[in-house]
Amino acid sequence: MNEVTRQIPGYNYGEPAVARSPVTLEQLQNLKVSAGFTAEDEHYLHLAGPVLAEQVERIVKHWRANIIAGIPHLARHSRNLDGSPNPDYLARSNRRFEQWILDTCLRPYDQEWLDYQQEIALRHTSIRKNQTDGVRSTAYVPYGDIVAFVAVMNETMKDYLAAKGHGSDEVIRMHRAWCKSLHLQMALWAKAYMDTGEASRDF
Ligand code: HEM
Numbered sequence: 073m074n075e076v077t078r079q080i081p082g083y084n085y086g087e088p089a090v091a092r093s094p095v096t097l098e099q100l101q102n103l104k105v106s107a108g109f110t111a112e113d114e115h116y117l118h119l120a121g122p123v124l125a126e127q128v129e130r131i132v133k134h135w136r137a138n139i140i141a142g143i144p145h146l147a148r149h150s151r152n153l154d155g156s157p158n159p160d161y162l163a164r165s166n167r168r169f170e171q172w173i174l175d176t177c178l179r180p181y182d183q184e185w186l187d188y189q190q191e192i193a194l195r196h197t198s199i200r201k202n203q204t205d206g207v208r209s210t211a212y213v214p215y216g217d218i219v220a221f222v223a224v225m226n227e228t229m230k231d232y233l234a235a236k237g238h239g240s241d242e243v244i245r246m247h248r249a250w251c252k253s254l255h256l257q258m259a260l261w262a263k264a265y266m267d268t269g270e271a272s273r274d275f
């Protein structure tokens, strides 16, 4: 994984510069129980990883170019402050977004993963947004829009999980595991947002 991921600008999973999560592994375990996230879900995420691996570019393009780009209040977060496009910013964060799909499926949910969750969350807030790519864009993505967009990501993911010929039962289980993981991740991001105060501003 390292060989490939080292080539993604701004992707620094497991490196010292990554934020430290305020959530402990014990709290993560409790969150998993709260979400009903089990070893079976881990198993089906591992199955989903290779299914999605060849499709990550298409998936992120689907979310960002086909959906977010057509919604002005979402599209502005990847643009310059005057609303003009910033293709480099989009392309660079797209690649990290693609890698995040694989990390969601294939990485162990350990301390490094918790820390990178915090890092990604902060990169949507004014604490770290824009810094990785050295751009001047919106200060943060409102938390409400992020949570709401998870509904779109989960719905559109179904077809990609079914694209490699797995039976419908397996596809349902992979999809269920994916959705639970996103729920968990949103619970983790909520803490980062609450700490910045941006969870309650503009949503
Ligand atoms: C309306 C919803 C969303 C918008 C408008 C949005 C926008 C953005 C923007 C502008 C960046 C670049 C951040 C930076 O400057 O460093 C970014 C990065 C990213 N976003 Fe989102 N995002 C949204 C929702 C989500 C959701 C729901 C997820 C996953 C659950 C997600 C995952 C990521 C990832 C993994 C990155 C790369 C982070 C990095 O490595 O820097 N985003 N997003």
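For the sequence shown, the numbering used here gives the first residue as 73, with consecutive numbering after it.
Just so it is clear, CB atoms sit at the ideal spot from N, CA and C, and this is done for glycine as well.
On a predicted model such as this, the values are computed, not experimentally measured, just so you know.
Separation of residue j from residue i, as counted between CA atoms
{"i": "Glu126", "j": "Glu170", "result": "10 Å"}
{"i": "Glu75", "j": "Leu174", "result": "With a pLDDT of 47 at Glu75, under the threshold of 50, the modelled position of that residue is not reliable, and the figure given next carries that caveat. Going by the C-alpha atoms only, they are around 14 Å apart."}
{"i": "Met229", "j": "Leu153", "result": "31 Å"}
{"i": "Trp172", "j": "Arg208", "result": "23 Å"}
{"i": "Tyr116", "j": "Ser240", "result": "13 Å"}
{"i": "His238", "j": "Asp113", "result": "16 Å"}
{"i": "Tyr265", "j": "Pro81", "result": "24 Å"}
{"i": "Leu119", "j": "Ile244", "result": "12 Å"}
{"i": "Asp274", "j": "Pro159", "result": "26 Å"}
{"i": "Thr161", "j": "His149", "result": "For the record, residue 161 in the displayed sequence is Tyr; it is not Thr. Using only the alpha carbons, I get a separation of about 10 Å."}
heavy atom of ligand 1 below 7 Å from residue i C-beta
{"i": "Leu109", "result": "This sequence places Phe at residue 109; Leu is not what is there. No, ligand 1 has no heavy atom inside 7 Å of this Cβ."}
{"i": "Lys252", "result": "no"}
{"i": "Gly86", "result": "no"}
{"i": "Tyr83", "result": "yes"}
{"i": "Arg130", "result": "no"}
{"i": "Lys133", "result": "no"}
Sub-8 Å separation of residue i and residue j beta-carbons
{"i": "Arg195", "j": "Asn166", "result": "no"}
{"i": "Val95", "j": "Leu186", "result": "yes"}
{"i": "Leu260", "j": "Ala193", "result": "yes"}
{"i": "Gln183", "j": "Leu124", "result": "no"}
{"i": "Leu103", "j": "Leu256", "result": "yes"}
{"i": "Val224", "j": "Ile131", "result": "no"}
Delimiting residues of the alpha helix (DSSP H) encompassing residue i
{"i": "His255", "result": "240-268"}
{"i": "Gly121", "result": "111-125"}
{"i": "Tyr85", "result": "Unbroken run through Tyr85: none, as it is neither H nor E."}
{"i": "Pro144", "result": "144-147"}
{"i": "Tyr181", "result": "Counting along the chain, Tyr181 falls outside any alpha helix (DSSP H), and DSSP gives it neither H nor E."}
{"i": "Val217", "result": "Reading the sequence as shown, one finds Asp at residue 217 and not Val. Run containing Asp217: 215-233, per the alpha helix (DSSP H) assignment."}
{"i": "Val95", "result": "Where Val95 is concerned, there is no enclosing alpha helix (DSSP H), given that its DSSP letter is neither H nor E."}
{"i": "Ile131", "result": "128-133"}
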